[in-house]
Each structure stands twice: as structure tokens, then as C-alpha cells.
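Under the working numbering, the residues of the sequence shown are numbered 2 to 178, in order.
Glycine included, every Cβ here is placed at the ideal spot set by N, Cα and C.
Being a predicted model, the structure only gives us computed values, none of them experimental.
Below: one structure, written as C-alpha cells.
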Amino acid sequence: MDYLVQGVGRRVWIVGHSFMCWAERRAAARRIGVQLGFPERQVTVTWFGFPGLQWPGLFDRLVENASSNEHPHVLVLHAGGNDMGVMSQKDLVRLMKLDVDKIRSLFPGVVVVWSEMVPRLVWRWARDHLAMERIRIKLNKLLSAFVRRSGGVVIRHKILERARPGFYRRDESIWRR
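As C-alpha cells, then:
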């Protein structure tokens, strides 16, 4: 990576819904820390977790953060799961693709990293859990192909593809009902 040799620091933003809040906390408690093992003089990792974030609010959040932070070189996006069941798969994919293109205009030269949606034990708006999983898988394939075709990177969470209760944080709002 030439930019590391040249000593130019790179900025990575990790943006998403509450999963990113919890991921940041978990990283902070581990040896690698919130920098995810990257030396601070070479890479600065900044976390932006927004509990309850739905995709239609993502771009506005990025615009807000862009006004008060240096723009990222790499942008990791983990969002969309809270929209499952709220809007149709077709509408969600269309909106996501449009926003990814808008993000590239907002941050010229940024590498977009799509962190695929992971299975959930409970989909908030779902009547049929298996149908939601099929939609999640299809949506991930569609957006992953789009991101790769446009020069981005995709993170697939293979270890989470078998929904194991021990891997998930207990959602207190669900258990209180």
C-alpha cells in the first residue's frame, strides 16, 4: 500500500446502526482496541453508530459528519437491517444503490465497504422469519454485486450465517414485551 510507505495517514469511518455501537465497545475491550490493530499514525478509525438508524437517514448522518470531520478514505457501511419489513426489498435496494452513488459524490475517491446484513434471531417487523432471511440474503447479493462492480469491497460475515443465540446481544426491548 503506497500511502503507508509515503507516511500519509488514512481515515476509516465505520458507520451503521446499533451493531456498530456494540462493535466499537467490544473492540475497545479487546487488545486490538477501537483502532482495530492499525497504527494511529497510519490509519485513523472513527466509529459512528446510530441506534435505530434506518437507511433513509444514513446519507443525512454522513453529511452531518462530513461538515465536522475530515472526509474518509474508506467508508464501512453496516445499515439496512432496521429497514427490513418496513419497505419493500425492491425499494430498499434502489434507495441503497442511489445513496452509495451519492456517497461517492460526497466523498470523491472513497472506497466504499459494504458490511453485509447479518441474520437476526428476531426481525422487528416480520411475520415470517424465514421469508425475512430469504430477503436479507437476496438483498445482500444484489448490493454486494453493485458495490463490487463500482470498485468497492464487501465484508461477508460467514461465521454469523448460522444464527446462533450465543453470538447475539439480547435486545431488551424485545424481551420486555
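Worksheet item: Straight-line CA distance for Ala127 to Phe20?
Response: Taking the first residue of the sequence shown as 1, we reach residue 127 at position 126. Taking the first residue of the sequence shown as 1, we reach residue 20 at position 19. C-alpha separation (whole angstroms): 19 Å.
Worksheet entry | Outcome for Ser116 when other beta-carbon atoms lying within 10 angstroms are tallied against a minimum of 16 | The sequence position of residue 116 within the sequence shown is 115, counting from 1. Flag for Ser116 reads buried.
Item to complete: Following the continuous beta strand (DSSP E) through His79, name the residue where it begins and the one where it ends.
Response: Along the sequence shown, one-based indexing puts residue 79 at 78. Element bounds for His79: Val75 to His79.
Item to complete: Measure the CB-CB distance between Val148 and Val75 and report whether it falls below 8 Å.
Response: Residue 148 sits at position 147 when you count from the first residue of the sequence shown. Residue 75 sits at position 74 when you count from the first residue of the sequence shown. It is not a contact, given that the beta carbons lie outside the stated cut-off.
Discussion item. Could you compute how far the alpha carbon of Asn83 sits from the alpha carbon of Glu41?
Written reply: Taking the sequence shown and counting its residues from 1, one reaches residue 83 at position 82. Taking the sequence shown and counting its residues from 1, one reaches residue 41 at position 40. Taking the straight line from one Cα to the other gives about 32 Å.
Worksheet item: Which stretch, first to last residue, makes up the alpha helix (DSSP H) that contains Arg150?
Response: One-based indexing of the sequence shown puts residue 150 at position 149. His130 to Arg150 is the span of the alpha helix (DSSP H), which, as asked, contains Arg150.
Worksheet item: If you draw a straight line from the alpha carbon of Val35 to that of Ala132, how long is it in whole angstroms?
Response: Sequence index remark: in the sequence shown, residue 35 carries index 34 (1-based). Sequence index remark: in the sequence shown, residue 132 carries index 131 (1-based). Roughly 35 Å between the two C-alpha positions.
Practice prompt. Using alpha carbons as the reference points, say which of Pro52, Trp23, Leu63 and Leu93 lies closest to Arg137.
Written response: One-based indexing of the sequence shown puts residue 137 at position 136. For the residues Pro52, Trp23, Leu63 and Leu93, the minimum Cα distance to Arg137 belongs to Leu93.
Discussion item. Counting beta carbon pairs with one atom in the stretch 96-105 and one in the stretch 26-35, are three or more of them shorter than 8 Å?
Written reply: no
Worksheet entry | Met88 in three-state terms, based on DSSP | To locate residue 88, count along the sequence shown from 1; it is residue 87. Note: Met88 maps to strand in three-state DSSP.
Practice prompt. Report the residue ranges of all beta strand (DSSP E) runs contained in full by the stretch 18-84; include only those spanning at least 3 residues, in chain order.
Written response: 44-50 and 75-79
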